[in-house]
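Everything below concerns the one structure shown next.
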Amino acid sequence: MKTTHRRWLASLLVPLLTAGCGGGSDSAAEPLQQASPSHESAQAVSARLTTPWTAAAQQAAVPLPEYPRPQLTRADWLNLNGTWSYNGGSAAPNADSPPATAPAFPANPEQIKVPYPVESFLSGIQRMNDRNLWYKRTFTVPAGWSGKRVKLNFGAVDRKATVYVNGQQVGQHSGGYDAFSFDITPYLRSGSNDLVVGAFDPTTGDDMLGKQTLNPGGIFYTPSSGIWQTVWLEPVATPHITRLDMTPDLPNSRLRIIVRGSGLAGQAIEAVASSGGAQVGVAAGSADVEFSVPVPNAHLWSPDDPFLYDLKLRVRSNGVVVDEVGSYFGMRSIAVGTVDGVPRPLLNGRFVFQYGPLDQGFWPDGLYTAPTDDALKSDLQAIKDLGLNMVRKHIKVEPQRWFYWADKLGLLVWQDMPHAWDAESSAAVRAKVEAEDREIVDEHRSSPAVVTWVIFNESWGDFDMVRMANQFKAWDPSRLTDTHSGINFAPGDQGTGDLIDNHDYPGPSAPAWQPNRISVLGEFGGNGLRVDGHMWNPASTCCYTLYPDAATLTNVYLEQVNGLRELAVSRGLSAAVYTEISDVEDELNGFLTYDRQVRKMDFARLKTAHQALIGGEPYLRRGTSYSFRTVTPGVTNRYLRHADSLGVTEVVDANSSELLKKDTSWKVVNGLADSSCLSFESVNQPGQFLRHQNFRLRIDPSDGSALFQADATFCPRKALDGGTGLSLESKNLPGHYVRHANAQVWLNPLQDTAGYRADASWAPATGWWRSSVLIGANTLHSLRVLTPGYDNRYLRHQNALAYTEVVTAASDATLKADASWRMVPGLADASCYSFESRNFPGEYLRHSNSRVRRDPLQDSALYRADATFCAQGTADGSAGTRFAASNYPNRYLRHYAAEVWIADGQGGSSWNTSGSFDADTKWAVENAWAP
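Below, the structure is given as C-alpha cells:
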C-alpha cells in the first residue's frame, strides 16, 4: 500500500538512503552553513567543488548576460543580474505573509550574486534553510524607453515571490519552475528606482520541489531557494506579444501559430518565416486565434540535422509596427506508429531509437543554476559528443536557454514534471501542481526538441494518473506522454499514455509493449566510479554499483548497450535512459564527474556503441534462442522454419505445437566461417546448421569443411526494408540475402524493389522455444561447475539454500541426492526448465533476492517464474550450458564462493563481479549422482 505521507520521504528516508550509499553527512564532507537569526555583512565562503566555469561566473559583473528567452526576443532589454543586497533567515520579515509595502533592510546587509540560489557557492551566501529570502537593488530605466511600458521579468523564483517597486507591492507569483512578469510602469519614478523581491521557500512537500531536500544525501540534493534564473527589464508597447504557441504541421507544410499577448484585441499580427535571410513564408492573423505560416519543402529538424527557421512577429496598430519579436522554430513530427508489427516512436515518420542520459541539472558551484551559458550548453554538447540523441530532464525544468541549446544542437527531450510529495494526500496541492504543470507545458510547447512529457516518476507525488494523462493530451496533443515513468513502482501501469516505462537497475530489460503503446526503459544503469579529488562528498560510495576503474566501468557499460541493441530487436524496446550524464552530490554514476572535469569512461568506444544502437545495427546474443518473423506486408505472422531439412516459413502462434515452436527456434552462434558474423543451429536438431546450397536454404550437419562453414555463415545487416529488424547477407556470396518467397526460403541476389527488400527483411524475437539447449524432460541430472580449478564441484541444496560442493563416487548418499535434480518443463514456461529436488519431491530451485534456494511449490505466478530457468548455449561457443532466469533473462545461475546466485556480472556485490563471470555461469549437465 502506498504511503499517504510521502512529504516526509526526503527528510526521513534520506538518511537511510545515505547510509546505504556510503554517506552524505560524513565529517570529511564540508556541510553548508545553516540559517541563523542574524548575519554579518562581510561574507567569506569556500567552494566545495568547482567547475571549469566557476571563475568566469565569479568575475562576471553581470552573470549570465545572454538574452534569457530565445523564442521570444526583443532588441531592447536590461539585465538585472549581478550583486543585490540580501536579508534572509528567521529574523528576516515573513515572506510567506509579506508586508503590504517593502520591508526595510539592515544597515549593512549581506550581498548576493543573482541569479545563483542562496545555498550555492556562487551566490556568495552558501546557506540552507533561510526560508525567508529578501533581495534588493536599484535600477534606472534607460532614457530611450520613454513612452513605453516597462516589464519586469523573472525566469524563475523558488518558490513564492512577492515583488515591490519603490516600496509598493507590484504582485506575487507561486511556483518555482516557470517564468513570470509584471508591468511595473505605474510604480516607476524618474532616476533611480528601488526593487525588492521577497521569496518564501521552506523546501517542503506542499509544492513542487523535485529532488531538493533539507537533508541532502543519497539521491536527494541541496535545495535551490529564491531567485535562480535571470531577472530583466524590457520596454513594450501597450499592445504586445507575451507568448507564441507554435506547432509544426508537416503533412500540410505549415507552421501553426497562436499569438498570446496583452492589449492585442483588434490588432493585426504578421508572421514572417525565413532561412538564411531569405523569406520562406508569410501570414497574417489575430491574437488568440490559430493561423498558419506556409513552409514549403520544409527542411526537417532532427538530432542528425537540427535545422531551425527564423521567425519575426510584428503587431501593427493602424498600419504602424508597435511591437516586434524574434523567434525560431523547427519542423518535425513525433507520433506512435507501427513498424514491423511493433509500436514505435516515429520522428518525422521514421523510427529512431531514442537513447540518452538522465540529466538532473545540478552544479556544484551554482546548484540549480549553471555558472555560465557555456556551462549550460556543455552537458548537452557532451551528450552529443557521446553520439546520443536524447536527454531526459529529470524532476527539474531548466531555463529557456537550455531548451534553446537542445533545439540548436539537436537532442530529443523528455521533460519531467517536478513533483510535490503532498499531492497524494491533499486536493489543494494537487490543484496547485496541475496548474504549475500547465504553465510548464505552455512555456516550452514551442521547443522542437521536446517530444515527451513525463508526468509522474515512480511513486513520487502521483495522483489521478488516467485523468492527468488525458489532461496533458488535451493541453498538447502534438507530443507523446509518459504517464508513469517506472511502472514497476506503485500504483503500476494504469494503461494510459503513449509509453510503457520500466526502471531497472542495473538492467537493461524491456517491458512488454502493447498496441499503440511503446516499450521504453525509463531508467537503468547507475554504474558508479569514485574519482578522488572530483567528488562532492569524498566519503561517498553511492548509487548504484561501484566499479574499481574506468576500464571495467567502460566494459560493463558497453555490454549493457549491447543488451539494449538485443532488446530493441527481440522485445521491441524503443528507447532507454541511462543514469546519468554527470555525478550529482553523493551520486557517483555519471558519464562525467560532478565538477565536469573528468570523463569517467572511454568516450570514443561509447560513441561507436551508441551509434550502432541508434543506427539500428542488429545485435543478437550468442548462445540464445531466436525466431525470425517475416515482415512483408500481408505476411507478417510467418516464421523461418526447417521442415524435411528445407527452409520454409510457417504461421506460428502461442497455440502452435511444441514441434513447430522448436522447428522455428534457432540457437545463434558465432559464424562458422567468420566469428563477426552468425550461424544458426537448429534447436531441436543440435549440430545441424542453416546453410545455402544451390541457393536454397536448408539444415545439414556440419562436415567441418570450409565450404560448409562458409555456406552456413551469414552477416547481419540493417533491414533492407528500412525497418527495425535485420537482413542476412551470405558470407561467401556477398550481395545475396536470405529471402522468403511462396513459403520457401532462398538465397537471392539483391534486387532494388520494395518487394524484394521486404521479403529479405526479418524481425528477430525471443525464440518460440526459449531454451536453445534441449535437455530430456523429466530426467534426472547433476550440474557440474566448469570454472577451471573448481570443476569437481556440483550444484546441491543444503539447509534449503543452493551451494556447490565436491562430489565423488565415494560421497555419501545424502550428498549425492542433494546434488541430483529432476529437470521438468518450466513451471512458468514449458520451453524452459525447473529443477525439482531428487530427495525433496515437490520442492524446486528458485531465486529470491538473487540468492538461489530450494522451496516447496507455491501456487503463485511469482514463484513459478522464479523457479524457471531457460537453458542456453555459451556466448563463445565453448562447452557448457547457461541457465537464464526466465523473469530476468540477463541473469544466469552463477556459483561464487560455493554459493549459487542469479547474476549478470555487472557488480554491486561480490557474487556479481565481472571477473570469471563467463566461466562461473557455465555448467555441465551430467548423469545424476542419485539416479
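Each residue of the sequence shown is one higher than the one before, counting from 3 in my numbering.
A virtual CB, placed ideally from N, CA and C, is assigned to each residue, including glycine.
May I have the straight-line CA-CA distance separating residue 228 from residue 864, to the nearest angstrom? 48 Å
Would you mind reading off the limits of the alpha helix (DSSP H) that contains residue 837? No alpha helix (DSSP H) holds residue 837; the beta strand (DSSP E) holding it covers 835-839.
In angstroms with no decimal places, state the Cα-to-Cα distance between residue 892 and residue 429. 43 Å
Per DSSP, what kind of secondary structure is residue 213 in: helix, strand or coil? coil
My output table needs one value for residue 250: the three-state DSSP class, helix, strand or coil. strand
Over the uninterrupted beta strand (DSSP E) stretch that includes residue 173, give me the two end residues. It spans 170-176 - the beta strand (DSSP E) in which residue 173 sits, taken as one unbroken run.
Let me check understanding here. Comparing Cα to Cα, which of 277, 328, 524 lies closest to residue 244? 328
Comparing the CB of residue 645 with every heavy atom of the ligand ADP, is any distance shorter than 8 Å? Among the ligands in the structure shown, none appear at all, so the ligand ADP cannot be discussed.
When you compare only the Cα positions, how much space is there between residue 828 and residue 207? 47 Å
Skipping 5 residues on each side, what residues in its chain have a beta carbon closer than 7 Å to that of residue 547? 508, 528, 529, 530, 908, 909, 910
With 16 other CB atoms within 10 Å as the buried threshold, where does residue 197 fall? buried
Helix, strand or coil: which one does DSSP assign to residue 35? Its pLDDT being 45, under 50, residue 35 is placed unreliably by the model, and the measurement read from it follows with that caveat. Correct three-state label for residue 35: strand.
Can you check whether the CB of residue 649 is closer than 9 Å to the CB of residue 719? No; because the gap between Cβ atoms is not below 9 Å, this pair is not in contact.
Which of helix, strand or coil DSSP assigns to residue 440: helix
Below 9 Å between beta carbons: does that hold for residue 927 and residue 870? Residue 870 sits away from residue 927, with the two beta carbons spaced by 9 Å or more.
Taking the alpha carbon of residue 292 as the point to measure from, which residue in 268, 116, 246, 899 has its own alpha carbon closest? 246
Write down the C-beta distance between residue 938 and residue 345 rounded to the nearest angstrom, noting that I regard them as a contact closer than 8 Å. A query on residue 938 cannot be resolved here, the shown segment of the chain reaching from 3 to 933 and no further.
Leaving out the 5 sequence neighbours to the left and right, which residues in its chain are closer than 8 Å to residue 23 when beta-carbon positions are compared? With a pLDDT of only 36 at residue 23, under the threshold of 50, the placement of this residue in the model should not be trusted, and no figure is reported.
Can you grab the Cα-Cα spacing for the pair residue 840 / residue 859, in whole Å? 14 Å
In whole angstroms, what separates the C-alpha of residue 390 from that of residue 384? 9 Å
Is residue 647 near residue 674, with beta carbons less than 9 Å apart? Taking a C-beta distance under 9 Å as the contact criterion, residue 647 and residue 674 do not qualify as a contact pair.
Is it right to say residue 698 is buried, meaning 16 or more other beta carbons lie within 10 angstroms of its own, or is it exposed? exposed
Can the beta-carbon of residue 412 be found less than 9 Å from the beta-carbon of residue 307? yes
With residue 680 as the anchor, note down where its beta strand (DSSP E) starts and where it stops. Following the DSSP letters along the chain, one finds residue 680 inside the beta strand (DSSP E) bounded by residues 680-684.
Keeping to the same chain, check which residues put their C-beta closer than 7 Å to that of residue 598; ignore five residues upstream and five downstream. 53, 54, 380, 584
With H, G and I counted as helix, E and B as strand and the rest as coil, what does DSSP make of residue 849? strand
What did DSSP end up calling residue 691 once you bin it into helix, strand or coil? Strand at residue 691.
Alpha-carbon to alpha-carbon, residue 793 and residue 358: C-alpha separation (whole angstroms): 42 Å.
Assign residue 70 to buried or exposed, taking buried as 16 or more other Cβ atoms, counted over all protein chains shown, within 10 Å of its Cβ. Residue 70 should be labelled buried.
Mind checking if residue 849 is an interface residue toward chain B, Cβ cutoff 9 Å exclusive? No chain B is part of this structure, which consists of one protein chain only.
Through-space distance from residue 825 to residue 780, alpha-carbon basis: Spanning the two alpha carbons is a distance of roughly 5 Å.
Using the rule of at least 16 other Cβ atoms within 10 Å of the residue's Cβ for burial, across every protein chain shown, is residue 134 buried or exposed? buried
Pull up the distance between the alpha-carbon of residue 158 and that of residue 605, whole angstroms please. 34 Å
According to the neighbour-count rule (16 or more other Cβ atoms, all chains shown, within 10 Å of its Cβ), is residue 696 buried or exposed? With fewer than 16 Cβ atoms within 10 Å of its Cβ, residue 696 is classed as exposed.
Through-space distance from residue 562 to residue 109, alpha-carbon basis: Approximately 59 Å between the Cα atoms of the pair.
For residue 885: DSSP bridge partner residues: 873
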